[in-house]
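S.K.: In our numbering, the protein residues as written are -8 to 250. Glycine included, C-beta positions come from ideal geometry on N, C-alpha and C. Given the structure is predicted, the values throughout are model-derived calculations rather than measurements.
#1: Any idea what DSSP makes of residue 229, helix, strand or coil?
#2: Determine the direct distance from the alpha carbon of residue 157 to that of residue 228, and round the result to whole angstroms.
#3: Let me check understanding here. Comparing Cα to Cα, which of 98, 189, 28 lies closest to residue 226?
#4: Buried or exposed for residue 47, please, with buried defined as at least 16 other CB atoms from any protein chain shown within 10 angstroms of its CB.
#5: What does the Cβ neighbour count give for residue 121, buried or exposed, with the cut at 16 atoms within 10 Å?
#6: Considering only residues of the stretch 43 to 90, which uninterrupted alpha helix (DSSP H) runs meet the minimum length of 4 residues and lie entirely inside it, listed in chain order?
#7: To which residues of the same chain is residue 41 closer than 8 Å at the C-beta, ignoring the five residues directly before and after it?
#8: Measure the Cβ-Cβ separation of residue 185 and residue 194 and say whether it is below 7 Å.
#9: Does the stretch 162 to 180 come into contact with the stretch 83 to 96, if we say contact requires no fewer than three beta-carbon pairs (one atom in each stretch) closer than 8 Å?
#10: For residue 15 and residue 202, I'd like the C-alpha separation in whole angstroms.
#11: I need the DSSP call for residue 169, collapsed to helix, strand or coil.
#12: Below 6 Å CB to CB, which residues in the same chain sit around residue 73 once its five sequence neighbours on both sides are set aside?
#13: Can you grab the Cα-Cα spacing for the pair residue -3 / residue 118, in whole Å?
#14: Please work out which residues of its chain come closer than 8 Å, Cβ to Cβ, to residue 91, disregarding the five sequence neighbours upstream and downstream, and give them in chain order.
#15: Roughly how many angstroms lie between the CA atoms of residue 37 and residue 139, to the nearest whole one?
#16: Whole angstroms are fine: how far does the CA of residue 44 sit from the CA of residue 10?
#17: Given this structure, state the Cα-to-Cα distance separating residue 209 from residue 132, to the nearest angstrom.
#18: Taking residue 155 as part of the alpha helix (DSSP H), name the residues at either end of that continuous run.
#19: Which partner residues of residue 181 appear in the DSSP bridge assignment?
#20: Quick one: Cα of residue 164 to Cα of residue 223, how far?
#21: Which residue comes first and which comes last in the alpha helix (DSSP H) that contains residue 128?
#22: Looking only at its chain, what residues have a beta carbon closer than 7 Å to the beta carbon of residue 219, apart from the 5 residues adjacent to it on each side?
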C-alpha cells in the first residue's frame, strides 16, 4: 500500500461528498493500481471529466502508478475548453437525455440517440470520437470512452445550457438545419413539390419548406420556430453553472436555415 493525497479542483468536486471538498483527500491504495483506477474507483471521478492530473506541476499519465507520499492535483477543463478543436463536436446521448438530444439537433449538431441502446453500444460510439453525454457516471468510466460529460441538471433547458457552455457551442450553431427526429440535414424544397403534405395556409404563405431526405418529414417556419428561438435566447441568458467565457454569436432570429 502507498499513501497519497489528491487535491480536486473546480467542478470536479461535484463528484465528492461535501465533507471532502476544498481540502486534500488522503488515500491508502495498492501500489499496483494505476492513477486512472484510483481516481475513478476511490474518488469516483470519471476520466473524461478531468482535463489534467499534475504532480509537482508536471502532468501525470493515467497509466502511471501512485507514488508514496505524493500529492496529485486534478484539474477540470477551463470554461469552453472541453473541445479545443476548429470543427464542432459530434455527440452520442444516453436514453435519459431525449429532450436534450432534440434541442442539440435543433441547434444544428450531429447527435446520435436511441432510448434502446445499452452501455456497450454507447461506449462504442464514444470510442469513435463522439462526445458522450450521460446521466450515468459509471458509463463515463468505461475505458472506451474518450470524451464525455456527466450532465448535472435534470431540467432539459438547464441541461442544454450546461452543454453549450462546456463546449462553447454557440459559435457553430445553425438552428433548424437538422431533422430533430433522425439527425439528417434537411433540404430546402419548393412548397409546390410537397403541396399535398402541408396545410393550405402553409401553401399560401410559403414558397419553400424544409424536407428531411431520410425520414421525409416536412418543416416550415411557424409559431413553433418562434418558441424554440425564444428558448435558445433564454438558454443563452442563463447564468453559468460554472464560470464561462464568451462563446461566440447567439443564434439569430432569422437563421440561414429554419423550417
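M.R.: Per the coordinate set shown:
#1: By one-based count along the chain shown, residue 229 stands at place 238. Correct three-state label for residue 229: coil.
#2: Taking the chain shown and counting its residues from 1, the one referred to as residue 228 is at position 237. Taking the chain shown and counting its residues from 1, the one referred to as residue 157 is at position 166. Straight-line Cα distance between these residues: approximately 15 Å.
#3: Mapped onto the chain shown, residue 226 falls at position 235. Ranking the options by Cα distance to residue 226, first place goes to 98.
#4: Counting from one through the chain shown, the residue named residue 47 turns up at place 56. Exposed, by the Cβ-count rule.
#5: Against the chain shown, residue 121 aligns to sequence position 130. Buried is the call here.
#6: none
#7: For the purposes of this step, residue 41 is taken as the residue at position 50 of the chain shown. Hits under 8 Å: 3, 30, 65, 66, 67.
#8: As a working note, residue 185 is residue 194 in the chain shown. As a working note, residue 194 is residue 203 in the chain shown. No. Outside cutoff.
#9: yes
#10: Sequence index remark: in the chain shown, residue 15 carries index 24 (1-based). Sequence index remark: in the chain shown, residue 202 carries index 211 (1-based). Distance between the alpha carbons of residue 15 and residue 202: 56 Å.
#11: Reading the chain shown from its first residue, position 178 is the one you call residue 169. Correct three-state label for residue 169: strand.
#12: As a working mapping, residue 73 is identified with position 82 in the chain shown. Taken in chain order, the residues that qualify are 157, 158.
#13: Indexing the chain shown from 1 puts residue -3 at position 6. Indexing the chain shown from 1 puts residue 118 at position 127. Roughly 28 Å separates the two Cα atoms.
#14: Stepping through the chain shown from its first residue, residue 91 is reached at position 100. Answer for residue 91: 84, 124, 142, 147, 150, 151, 154, listed in chain order.
#15: Here the question's residue 37 lines up with position 46 in the chain shown. Here the question's residue 139 lines up with position 148 in the chain shown. If I take the Cα positions, the gap works out to 9 Å.
#16: Along the chain shown, read from residue 1 onward, the residue named residue 10 stands at position 19. Along the chain shown, read from residue 1 onward, the residue named residue 44 stands at position 53. Straight-line Cα distance between these residues: approximately 22 Å.
#17: Counted from its first residue, the chain shown places residue 209 at position 218. Counted from its first residue, the chain shown places residue 132 at position 141. Those two C-alpha atoms are separated by around 40 Å.
#18: By 1-based counting over the chain shown, the position of residue 155 is 164. 147 to 157 is the span of the alpha helix (DSSP H), which, as asked, contains residue 155.
#19: For the purposes of this step, residue 181 is taken as the residue at position 190 of the chain shown. BP columns for residue 181 point to 199.
#20: The residue given as residue 164 occupies position 173 in the chain shown. The residue given as residue 223 occupies position 232 in the chain shown. Going from the Cα of residue 164 to the Cα of residue 223 covers about 11 Å.
#21: Translated into positions along the chain shown, residue 128 becomes position 137. Its alpha helix (DSSP H) spans residues 128 to 131.
#22: Walking along the chain shown from the start, residue 219 turns up at place 228. Result list for residue 219: 97, in chain order.
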